[in-house]
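Visitor: The structure follows.
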Amino acid sequence: MTATKDSSTHTSPRVVIPFYVYAAGCLLISTILLFLSTHAFQQHYFHPRVLAITHLMAIGWGTMMVLGASHQLVPVISEGKLYSEKLAYLSFMLAAVGIPLLAYGFFKFNMGDPAKWGGRLVLLSAFSYLINLGKTISNGESENVHAVFVFTAAAWLFLTVFFGLALVYNFTYPVMPHDSLHYLPLHAHAGVVGWFLLLVMGVGSRLIPMFLISKYNNTRLLWAIYYLINSALISYVIIFYFVDDSRWVVLPGILLLISILLFIRYCFQAFRSRIRNHVDGPMRLSLLSIAMAALPILMLMIIITSILISKGEKANLILAYGFMIFFGWITAIIFGMTFKTLPFIIWNKVYHHRMAQKNTPNPKDMVNSRLFKAMSVTYLIGFALFVLGILVPGLDGVLQIGAGFLLLSTLFYNVNVSLVIFHKLK
Amino acid sequence: MNILTNNEKFCNQSLKQLRNVIDPEIGLNIVDLGLLYELNLEEGKIVCRMTLTSQFCPMGEVILDGVHEALQNTFEGYQVEIELTFEPPWNEERISEHGRHFLRQ
Chain A
64 MTATKDSSTH
74 TSPRVVIPFY
84 VYAAGCLLIS
94 TILLFLSTHA
104 FQQHYFHPRV
114 LAITHLMAIG
124 WGTMMVLGAS
134 HQLVPVISEG
144 KLYSEKLAYL
154 SFMLAAVGIP
164 LLAYGFFKFN
174 MGDPAKWGGR
184 LVLLSAFSYL
194 INLGKTISNG
204 ESENVHAVFV
214 FTAAAWLFLT
224 VFFGLALVYN
234 FTYPVMPHDS
244 LHYLPLHAHA
254 GVVGWFLLLV
264 MGVGSRLIPM
274 FLISKYNNTR
284 LLWAIYYLIN
294 SALISYVIIF
304 YFVDDSRWVV
314 LPGILLLISI
324 LLFIRYCFQA
334 FRSRIRNHVD
344 GPMRLSLLSI
354 AMAALPILML
364 MIIITSILIS
374 KGEKANLILA
384 YGFMIFFGWI
394 TAIIFGMTFK
404 TLPFIIWNKV
414 YHHRMAQKNT
424 PNPKDMVNSR
434 LFKAMSVTYL
444 IGFALFVLGI
454 LVPGLDGVLQ
464 IGAGFLLLST
474 LFYNVNVSLV
484 IFHKLK
Chain B
7 MNILTNNEKF
17 CNQSLKQLRN
27 VIDPEIGLNI
37 VDLGLLYELN
47 LEEGKIVCRM
57 TLTSQFCPMG
67 EVILDGVHEA
77 LQNTFEGYQV
87 EIELTFEPPW
97 NEERISEHGR
107 HFLRQ
């Protein structure tokens, strides 16, 4: 193969950077809202503020960041070019307008026009992303397990948003037999497991060995994980609709637990067979986030056990479960991966043509390591305190201090992201 | 690190320049990393056969451009052709002693 310019898999930073900036801004707004709404986390999880923060975190922070990174990474994984940068812009614009409308609707608990328009725009955004991704993968030279993970995740995202929009409609017109709260677990798990988990595993199984400089690869194991996760989701949908006995939800829970344990094993093997001894801060946080994925699963098992024993749900356990997913696992992996992927994107823009010159800095030199350390420490303290505050009733002060630490870590994150994005040629 | 060549002098001169091309993620130059398979000087043309640490390396294009630039700047007037191959795939055996020492730090 002769390398030519035409074989470029590089997506323009102009496409990717807006997603990163928007996501960082949404995280900041979410943690400010969290700091101002700690009281809501001592009540039921169907609280307007909890719903608004959850959707800002899930779509504004997690999804926008993942969309940005995947527009950059999927062409690399599938060895092709991004099908359409215009579709990527469209996807960004639709979501960028839709997310605040949707969050406002939840915050005010007004499921009228703002929430409906927000949901419609986010749905169109997910649709344009799905088309762009499908075309990119099918036009690429390599069809592999990672690309299949990512495409399936995008399909689950579309289904999640479609179902979410139906739930918004269900508040004003009865389009479903039960109220929207009844369907919330289905909507939430399609998003968390179908979209986030599949995507993180699909992309992570490629990036983690690559960043660790490890030759470890186990396609059979990844296919097993893929089928386990999808079986867990499909069995959950079937049990939800057709099985009257709630004990059966243990089955998808176990399938999910096995898939996460297998993925932890995959990452551990990649870690063990790494060539480079030193593991930098962003990689350490990313690896920690993989272990943190086990926390919500553990909490899920406690919730299921508690439901089976006491025949009633414990709202604080469910709140802690959701918090561990969005502020724990998803935030930790994005914190780590931002400072592995973003410096590369900016470095590529700034230093591409100085590659063969001496004294060209490396991408990792663009990240302020002290700020990164401060962000990681404040984040982990804030996360632990907030979870404690949710689980133990009456710890109002602990919740507030936890939210304060999380806000501080978000500020450190935003400053560091800005330093990377506005990096000038040295 | 074992590089095939049809011209030792040209090869040594090239390697001196190519040591400035650093894999941005690893921080090690591509010569010590063992990415180069062949460096040949043909009539009016330089042919460099090389690989990447991973087929999915997002920095692959940048590294190839760096190699092209380094060779073009050193041997003006020659056409530079870079062949990217994954046969055989790169493995850690190709890393030089200096490279191993760097990665163990």
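Line by line, the protein sequences are chains A and B. Our numbering puts the first residue of the first sequence at 64, with every later residue one more than the last. Our numbering puts the first residue of the second sequence at 7, with every later residue one more than the last. Built from N, CA and C at the ideal position, the CB exists for glycine as well. Remember, it's a predicted structure, so these values are computed and weren't measured experimentally.
Spatial neighbours of Leu542(A) within its chain, please: C-beta separation below 8 Å, excluding the five flanking residues on both sides.
Guide: Not covered by the structure: residue 542(A). The range shown for chain A is 64 to 489.
Visitor: Answer yes or no: do Phe402(A) and Glu31(B) have a C-beta to C-beta separation smaller than 8 Å?
Guide: By one-based count along the first sequence, residue 402(A) stands at place 339. By one-based count along the second sequence, residue 31(B) stands at place 25. Result no, Cβ atoms of Phe402(A) and Glu31(B) do not sit closer than 8 Å.
Visitor: Does DSSP classify Tyr108(A) as helix, strand or coil?
Guide: Position 45 of the first sequence, counting from 1, holds the residue named residue 108(A). Three-state result, Tyr108(A): coil.
Visitor: Rounded to whole angstroms, what is the Cα-Cα separation between Leu90(B) and Val37(B)?
Guide: The count along the second sequence starts at 1 and reaches residue 90(B) at position 84. The count along the second sequence starts at 1 and reaches residue 37(B) at position 31. About 15 Å.
Visitor: How big is the Cα-Cα spacing for Lys489(A) and Asn411(A)?
Guide: Counting from one through the first sequence, the residue named residue 489(A) turns up at place 426. Counting from one through the first sequence, the residue named residue 411(A) turns up at place 348. Lys489(A) and Asn411(A) have their C-alpha atoms spaced approximately 14 Å apart.
Visitor: If you follow the beta strand (DSSP E) that Val86(B) is in, where does it begin and where does it stop?
Guide: For this step, residue 86(B) is matched to residue 80 along the second sequence. Unbroken beta strand (DSSP E) run through Val86(B): Gln85 to Leu90.
Visitor: Within the stretch 96–165 of chain A, note down every full alpha helix (DSSP H) run reaching 4 residues or more, in order along the chain.
Guide: 111–118 and 127–140
Visitor: Does the beta carbon of Gln111(B) sit closer than 8 Å to a beta carbon anywhere in chain A?
Guide: As a working note, residue 111(B) is residue 105 in the second sequence. Yes, Gln111(B) counts as interfacial toward chain A.
Visitor: Quick one: grab the DSSP three-state call for Cys63(B).
Guide: Against the second sequence, residue 63(B) aligns to sequence position 57. It is coil, neither helix nor strand.
Visitor: Rounded to whole angstroms, what is the Cα-Cα separation between Ser133(A) and Ser373(A)?
Guide: Mapped onto the first sequence, residue 133(A) falls at position 70. Mapped onto the first sequence, residue 373(A) falls at position 310. Their backbone Cα atoms lie some 43 Å apart in a straight line.
Visitor: For Leu371(A), count neighbouring C-beta atoms within 10 Å of its own C-beta (all shown protein chains included) and say buried if the count is 16 or more, exposed if not.
Guide: By 1-based counting over the first sequence, the position of residue 371(A) is 308. Result: exposed.
Visitor: Report the neighbours of Pro426(A) on chain B: residues whose CB is nearer than 9 Å to its CB, in chain order.
Guide: As a position in the first sequence, residue 426(A) is number 363, starting the count at 1. Under the 9 Å cutoff, chain B gives Pro30, Glu31 and Met65.
Visitor: Using a beta-carbon distance below 8 Å, is Val139(A) in contact with chain B?
Guide: In the first sequence, counting from the first residue as 1, residue 139(A) sits at position 76. Chain B, which has a Cβ nearer than 8 Å to the Cβ of Val139(A), makes this yes.
Visitor: Glu98(B) touches chain A at which residues, Cβ-Cβ below 9 Å?
Guide: Indexing the second sequence from 1 puts residue 98(B) at position 92. The contacting residues are Ile276, Lys278 and Ile338.
Visitor: List the endpoints of the continuous beta strand (DSSP E) containing Lys51(B).
Guide: As a position in the second sequence, residue 51(B) is number 45, starting the count at 1. It spans Lys51 to Met56 - the beta strand (DSSP E) in which Lys51(B) sits, taken as one unbroken run.
Visitor: DSSP state of Trp298(A), grouped into three classes?
Guide: Within the first sequence, numbered from 1, the residue matching residue 298(A) stands at position 235. Going by the sequence as given, residue 298(A) is Ser instead of Trp. Three-state DSSP puts Ser298(A) in a helix.
Visitor: Listed in chain order, which residues of the stretch 235–264 of chain A have Cβ atoms closer than 9 Å to some Cβ of chain B?
Guide: Of all residues in the stretch 235–264 of chain A, none has a Cβ within less than 9 Å of some Cβ in chain B.
Visitor: Which of helix, strand or coil does DSSP assign to Glu44(B)?
Guide: Taking the second sequence and counting its residues from 1, one reaches residue 44(B) at position 38. In the structure shown, Glu44(B) sits in a strand (DSSP, three-state: E or B).
Visitor: Pull up the distance between the alpha-carbon of Leu382(A) and that of Leu21(B), whole angstroms please.
Guide: On the first sequence, residue 382(A) is found 319 positions in, with the first residue counted as 1. On the second sequence, residue 21(B) is found 15 positions in, with the first residue counted as 1. Straight-line Cα distance between these residues: approximately 59 Å.
Visitor: Does chain A have any CB closer than 8 Å to the CB of Phe81(B)?
Guide: Start at 1 with the first residue of the second sequence, and residue 81(B) comes out as number 75. No, because no Cβ of chain A sits closer than 8 Å to the Cβ of Phe81(B).
Visitor: Say whether chain A places a C-beta atom closer than 8 Å to the C-beta of Ser60(B).
Guide: Along the second sequence, read from residue 1 onward, the residue named residue 60(B) stands at position 54. So, interface residue.
Visitor: Which whole-angstrom value is the C-beta distance of Ala217(A) and Leu187(A), which I expect to be below 8 Å?
Guide: Translated into the one-based positions of the first sequence, residue 217(A) becomes position 154. Translated into the one-based positions of the first sequence, residue 187(A) becomes position 124. Actually they are not in contact, since the Cβ atoms of Ala217(A) and Leu187(A) sit about 14 Å apart, beyond 8 Å.
Visitor: Between Ile453(A) and Gly125(A), what straight-line distance do the alpha-carbon atoms span, to the nearest angstrom?
Guide: By one-based count along the first sequence, residue 453(A) stands at place 390. By one-based count along the first sequence, residue 125(A) stands at place 62. Rounded to the nearest whole angstrom, the C-alpha separation of Ile453(A) and Gly125(A) is 22 Å.
Visitor: Report the rounded CA-to-CA distance for Met239(A) versus Cys89(A), giving the unit in angstroms.
Guide: By one-based count along the first sequence, residue 239(A) stands at place 176. By one-based count along the first sequence, residue 89(A) stands at place 26. Taking the straight line joining both Cα atoms gives about 31 Å.
Visitor: If Leu34(B) and Phe92(B) are in contact, beta carbons under 8 Å, what's the gap, nearest whole angstrom?
Guide: One-based indexing of the second sequence puts residue 34(B) at position 28. One-based indexing of the second sequence puts residue 92(B) at position 86. With a contact defined as Cβ atoms closer than 8 Å, Leu34(B) and Phe92(B) miss out at about 20 Å.
Visitor: Kindly indicate if chain B contains any beta-carbon less than 8 Å away from that of His486(A).
Guide: Counting from 1 along the first sequence, the entry for residue 486(A) is found at position 423. No, His486(A) lies away from the interface with chain B (no Cβ there is under 8 Å from its Cβ).
Visitor: Are Trp311(A) and Leu261(A) touching if we call contact CB-CB under 8 Å?
Guide: For the purposes of this step, residue 311(A) is taken as residue 248 along the first sequence, with counting starting at 1. For the purposes of this step, residue 261(A) is taken as residue 198 along the first sequence, with counting starting at 1. Against a cut-off of 8 Å, the Cβ pair of Leu261(A) and Trp311(A) comes out as no contact.
Visitor: Quick test of your reading: Leu443(A) and Leu451(A), contact by CB under 8 Å. State the CB separation rounded to the nearest angstrom.
Guide: As a working note, residue 443(A) is residue 380 in the first sequence. As a working note, residue 451(A) is residue 388 in the first sequence. About 13 Å separates the two Cβ atoms, so there is no contact after all.
Visitor: By the 10 Å Cβ neighbour count, where 16 or more other Cβ atoms means buried, how is Gly445(A) classified, buried or exposed?
Guide: Your numbering for residue 445(A) matches position 382 in the first sequence. Under this definition Gly445(A) is a buried residue.
Visitor: Contact defined as beta carbons within less than 8 Å: I believe Asn477(A) pairs with Ala87(A). What is the distance between those atoms, to the nearest angstrom?
Guide: Position 414 of the first sequence, counted from the start, is the residue given in the question as residue 477(A). Position 24 of the first sequence, counted from the start, is the residue given in the question as residue 87(A). The Cβ separation is near 5 Å, so the contact holds.
Visitor: Considering only residues of the same chain and omitting the five flanking positions on each side of Pro138(A), which have a CB-CB separation below 8 Å?
Guide: Along the first sequence, read from residue 1 onward, the residue named residue 138(A) stands at position 75. The residues are Thr72, His73, Thr74, Lys144, Leu145, Thr199 and Gly203.
Visitor: Taking His341(A) as the query, report the chain B residues whose CB atoms sit under 7 Å from its CB, ordered along the chain.
Guide: In the first sequence, the residue the question calls residue 341(A) occupies position 278. Per Cβ cutoff of 7 Å: Gln111.
Visitor: Cβ of Met273(A) less than 8 Å from any chain B Cβ?
Guide: For the purposes of this step, residue 273(A) is taken as residue 210 along the first sequence, with counting starting at 1. Under the Cβ distance rule, Met273(A) counts among the residues neighbouring chain B, one pair being separated by less than 8 Å.
Visitor: Quick one: give me the first and last residue of the alpha helix (DSSP H) that Asn477(A) is part of.
Guide: For the purposes of this step, residue 477(A) is taken as the residue at position 414 of the first sequence. It spans Asp459 to Ile484 - the alpha helix (DSSP H) in which Asn477(A) sits, taken as one unbroken run.
Visitor: Counting only beta-carbon separations shorter than 8 Å, does Arg269(A) have a partner in chain B?
Guide: On the first sequence, position 206 is the one that residue 269(A) refers to. Answer yes: the Cβ-Cβ gap between Arg269(A) and chain B drops below 8 Å somewhere.
Visitor: Restricting to Cα atoms, I'd like to know which of Ala158(A), Asp428(A), Leu157(A) and Gly182(A) is closest to Phe169(A).
Guide: Indexing the first sequence from 1 puts residue 169(A) at position 106. A check of alpha carbon separations from Phe169(A) across Ala158(A), Asp428(A), Leu157(A) and Gly182(A) identifies Gly182(A) as the nearest.
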